[in-house]
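**Student:** All residue numbers in the sequence shown are consecutive under the UniProt record's numbering, ending with 153. Ideal placement from N, C-alpha and C gives every residue a C-beta, glycine not left out. Got a structure here, written out as structure tokens. Questions coming.
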Amino acid sequence: MTRLSGLRRPILGTRTAVGSVSGAVVVVPMTAVDRRRVRRRLRAPDGEELLLALPTGTVLTPGSVLEVRGGVSYVVGATPEDVAAIRPRDLPEAAAVAHAVGNLHRDFVASGEDGVFLALWDAPLELLLSRLGVPFTREERPFSGRPAWEHES
Numbered sequence: 001m002t003r004l005s006g007l008r009r010p011i012l013g014t015r016t017a018v019g020s021v022s023g024a025v026v027v028v029p030m031t032a033v034d035r036r037r038v039r040r041r042l043r044a045p046d047g048e049e050l051l052l053a054l055p056t057g058t059v060l061t062p063g064s065v066l067e068v069r070g071g072v073s074y075v076v077g078a079t080p081e082d083v084a085a086i087r088p089r090d091l092p093e094a095a096a097v098a099h100a101v102g103n104l105h106r107d108f109v110a111s112g113e114d115g116v117f118l119a120l121w122d123a124p125l126e127l128l129l130s131r132l133g134v135p136f137t138r139e140e141r142p143f144s145g146r147p148a149w150e151h152e153s
């Protein structure tokens, strides 16, 4: 039997905390997939090069501070992505759609608007939503959920 107690670092699910930001702020736009890439170079909108070398399993969230350099805070932002904006007509329909989308291993995220949910768009999702007859549109919006291939909770 394998014991998992006493591990030196978490295996999965590490999330970065939203730090306190002071001074000038540069928002570095990232997609849901980009926010899971923990070792890479990226160029901030102001031209500065940032080097990421975060622990495996780290998930960057919008608002996370990447670096503070010369009084400038570089903060993660959610860039617009190709999503399905789903508008269930009532609570039972919302529950049925959430269950069906979850069976495709997709995140079903509340958008902040009343009754609108978002999921990353792809052809199987469009087919599912069409078969269910739920109102939806394909839009470009910031998405704060996980990419389709990520199955952890």
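1. Within 10 Å of its beta-carbon, does S130 have 16 or more other beta-carbons around it, so buried, or fewer, so exposed?
2. Could you tell me the distance, in whole angstroms, from the CA atom of W121 to the CA atom of R89?
3. Please go through the same chain and pick out, in chain order, the residues whose beta-carbon is closer than 8 Å to the beta-carbon of E140, but skip the five residues on each side of it.
4. What three-state label does DSSP hand D122 in the structure shown?
5. Spell out the partners DSSP gives V134 in its beta bridges.
6. Could you give the C-beta distance for V109 and F143, rounded to a whole number, given that I count them as a contact under 8 Å?
7. For a test of the three-state rule: what should DSSP assign to R8, helix, strand or coil?
8. Cutting at 8 Å between CB atoms, please list the residues of its own chain near D46, excluding the five before and the five after it.
9. Do A119 and L127 have their C-beta atoms within less than 8 Å of each other?
10. Please state the DSSP three-state secondary structure of A110.
11. For the candidate residues G70, E67, G57, whose alpha-carbon lies nearest to that of V33?
12. Determine the DSSP secondary structure at A44, reduced to helix, strand or coil.
13. State the Cα-Cα distance for the pair A95 and M30, rounded to the nearest angstrom.
14. When the Cα of E48 is compared with those of E67, L104, V59, R39, which residue comes out closest?
15. Please determine, among R40, A85, H99, the residue with the shortest C-alpha to C-alpha distance to G112.
**Tutor:** Looking at the atomic coordinates:
1. Exposed is the call here.
2. Rounded to whole angstroms, W121 to R89 spans 20 Å at the Cα level.
3. P80, E81, D82, V83
4. coil
5. V134 pairs with nothing; no bridge assigned.
6. 7 Å
7. For R8, the pLDDT reaches just 44, beneath the cut-off of 50, and the residue's location in the model is therefore unreliable, leaving the point undetermined.
8. For D46, where only same-chain residues beyond five positions count, the Cβ hits under 8 Å are V26, V72.
9. no
10. strand
11. G57
12. coil
13. 29 Å
14. E67
15. A85
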